[in-house]
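In this note's numbering, the protein residues as written are 349 to 1009.
Here is the structure:
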C-alpha cells in the first residue's frame, strides 16, 4: 500500500509534467498543497466520480485557480472522466484542462476560478445555499441536505478586497459547513509577500467570527487530519485552517521561491525533484498501486447510495417536498409557471398604473415569488431603496426558513456569492444595488456570463433621474457597458408591463445571467395590444406605428420611451414609428425577418433616445442617424431639472427627428 506521501507525490509529478509539456502554468501551488489535498480528498470529501452532480456531494473550490493542475490531477487520480490525455493537453486550444479551472469544461469543476478572491466568495455562496436548502427541505430527522463546502486559497485571495467582504459575512451568518484552507507559503508572483502582506490573518478571521486553526504543518498528514476532523465537527461557525507550506515542495533549487510560482520548473529540475521525492517514474507515468490508493469510485458509490436510501425514506414521508426538491435541483420551472406569469403580465397591463419601475420590479417579485419558491433575494444594504424586500422575504440571518440575504455594503461580494448560490443549485438568486455600483461588482458579472449561470442582477436608480445625489451616483456609461459583456442579458423596461416581462424572461433564462435596470422615478403606462405584449419578450417591438412606410423611427428604452411617444405625437406632419427596445441583447437574438420588420433597412432616418452614453446606439441609427443621450457626467439637482438641463425632453427628440428626416 503506498504511503500518503507517495499518493501526494503523484499530484506533484503530474502537475510538474503537465506544466512542463505546456511550457506554461503554475506548478508551485499544486506541489505545495498536495499533502493537504491528499488528506481532504481521500479521508473527508464526500463525492462520487461516477456522478459528479449528485445533490448532496461536498463542494470543493480551488480559489487560487492558477494552481489548476492540482484539481485536474485530483480528478484524474480519483476516477473522474479526466484522462491522462486531458492532462497532457493542459492549456491547449479546446482542451478540458484550461489554464484556470472553468465550470462546464470537465466534471468535478464546481466553479470557474482564477480572478483571486472570487473562489472563496463563490464558496460562501455555496454554503449559504446549503444552509438555506437544509432549512427549507430537511424535516423530521430527514437530513437530505447535509454537506460541506471546502476551499483552498492562497495569499493572493486573502489580499483581494472581496475576500474581506465574503468572509466577514460568512462569520456573521455562522456558515458552519464552510471550511477554508489557507496555503500560507508566503510567496506570490512578485516574490516574498512580507513586503506587501503582513496581516495577522488568524486574528482577522477570528474577528470575523470564524473558528481558526493556526500553525498547521501543511506537509504533515497527521496534523492536517486532526485539523480537518476538528473543522468539520465545529458546525456553528466557518473554519479557517492555516497551513504553513512550501511552494514547489520537493524541488531542490526552486522550492520556497517565486521561481516555482508561475513557470515550468524545467526538465532538469523536474528530474532532480522526482529524485528527491523518491518518484522514479517517467512523465505522466502513475503506477497502478497509486491509482488504487486514490480511486474514489467505490467509496463514492457507497456514499451516494446511502444518500439515495435517505432520500427514498424522505420521499415516502414527504412526497410533495421531495418532488419539489428534485424539480429545483434539476433547474426546471414549475409546470404552471408559463400560465401564471402570463396572467400576471396581463393583470399588470390591465391595471395601467404608472409607478417607478423599481416599484414595478417589487410588484413582480411579490407576484412571482409564490410561483417560484426557489427565488432567493438580497440587496447590498439598499433593500428599502432597491425595493427587494417583498412581503414574504425571510433573511438568512434571522429566519428559520430563509429566502433572502442582507448582504450589507458588499456589492462585489454579493455578486460573487450569488454566483456560488446559482452554481450550487436549487435556488434562483437575485441581488440588488444602485446601477452605479455595478462597477464595484463588474468582474463577478463577467464571471457569471462566462460560466453561463442564472444570476439575476437587479439595478435601480438607472440614470441622472437619480437626482440630488449627483454624478457620483448617477450612471452614465453603465448600461452600454453591461450590454458589452458577452452572454449578459440586459433589460431596461419603460413601465410596469415591460418590468413584469423582464422579470419573467430573467426567470426563464437558464443559459446565463440577466441585468434588470429600473428607474427611481415614476414612468407612464404605455397602451399595448396582446401581440405587442407578446413581442416585449423579443427585446424590441413596435410600440406606436403609422400608416405605410415611416418617415422616421424613434428607438428608446426605459424612461425615455415616454419622450419618444410624446415626440411622435408632436410630429403630426410626419409618419413616425416608435420602437421600444427594453433589451437590445434579446432583440439581437431574433431572426433577421423579425428585426427587419421592426427596423426596416430602407428607413434610414432614425433617432435613438437613452439617458446614457451614445456610442452603442449608432449600430441602430447608422452614421446618418441621431442619438439623444449623455456623454458627460451628471449634476446634483432634482431629476426634472436634470432631464431639462441635459436635453431629455420631447422638444429635443422632435428636434433630433427633424434633423434626420
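We put the beta carbon where it would ideally sit given N, CA and C, even for glycine.
For residue 743, the secondary structure class from DSSP, reduced to helix, strand or coil, is strand.
Assignment of residue 363 by DSSP, reduced to helix, strand and coil, places it in the helix class. For residue 901, the beta-bridge partners assigned by DSSP are 925, 954. In this structure, the alpha-carbon of residue 501 lies about 41 Å from that of residue 715.
The closest CA to that of residue 1008, considering only 656, 969, 985, is found on 969. Only residues of its own chain outside the window of five on either side were considered, and among them 403, 773, 774 have a CB closer than 6 Å to the CB of residue 677, listed in chain order. Comparing alpha carbon positions, the residue from 567, 540, 588 closest to residue 530 is 588. About 6 Å separates the beta carbon of residue 406 from that of residue 498, a gap short enough to meet the 8 Å contact definition. Per DSSP, residue 933 is not a residue of any beta strand (DSSP E); the alpha helix (DSSP H) it occupies stretches across 932-935. The shortest CA-to-CA distance from residue 427 to any of 638, 947, 904 is the one to 638.
Nearest in C-alpha terms to residue 693, of all of 779, 883, 602, is 883. The Cβ atoms of residue 895 and residue 923 sit closer than 8 Å to each other. Fully enclosed alpha helix (DSSP H) runs of no fewer than 4 residues occupy 790-799 of the region 764-823, in order along the chain. The C-beta distance from residue 982 to residue 818 rounds to 7 Å, short enough to meet the 8 Å contact threshold. In this structure residue 929 is in contact with residue 888, their Cβ atoms being roughly 4 Å apart against a cut-off of 8 Å. With a 10 Å radius around the Cβ and a threshold of 16 neighbouring Cβ atoms, residue 364 comes out buried. Around the beta-carbon of residue 865, 16 or more other beta-carbon atoms lie within 10 Å, marking it buried. The Cβ atoms of residue 612 and residue 412 lie no closer than 8 Å to each other. Distance check between residue 759 and each of 736, 570, 788, 735 places 788 closest, using alpha-carbon atoms only. Counting of Cβ neighbours within 10 angstroms places residue 875 among the exposed residues, the total staying below 16.
Taking C-beta atoms under 8 Å as the contact rule, residue 810 and residue 906 qualify, at a distance of about 6 Å. Rounded to whole angstroms, the Cβ separation of residue 444 and residue 453 is 5 Å, and the two are in contact under 8 Å.
Taking the CA atoms as reference points, residue 597 sits about 18 Å from residue 570. Excluding five sequence positions before and after residue 958, the CB atoms of its chain that fall closer than 6 Å to its own CB belong to 905, 908, 977, given in chain order. Per DSSP, residue 724 is one residue of the beta strand (DSSP E) stretching across 723-727. As a beta-bridge residue in DSSP terms, residue 754 pairs with 727. Annotation for residue 457: 449, 451 place their beta carbon closer than 6 Å to its own, counting only its chain and skipping 5 residues before and after. The three-state secondary structure of residue 638, taken from DSSP, is helix.
When Cβ pairs closer than 8 Å are counted between the two stretches, the region 729-745 is seen not to touch the region 764-773, the count staying below three. Nearest to residue 510 by alpha-carbon distance, out of 527, 549, 464, is 464.
The beta carbons of residue 984 and residue 816 sit closer together than 8 Å.
By a beta-carbon distance limit of 8 Å, residue 614 does not contact residue 396. Their separation comes to about 38 Å. As summarised for the region 557-630, the continuous beta strand (DSSP E) elements at least 3 residues long and confined to that stretch are 559-565, 587-592, given in chain order.
With a 10 Å radius around the Cβ and a threshold of 16 neighbouring Cβ atoms, residue 689 comes out buried.
Excluding the 5 residues flanking it on each side, residue 954 has same chain C-beta neighbours closer than 6 Å at 901, 969, 973, in chain order. Between residue 359 and residue 378, the CB-CB gap stays under 8 Å.
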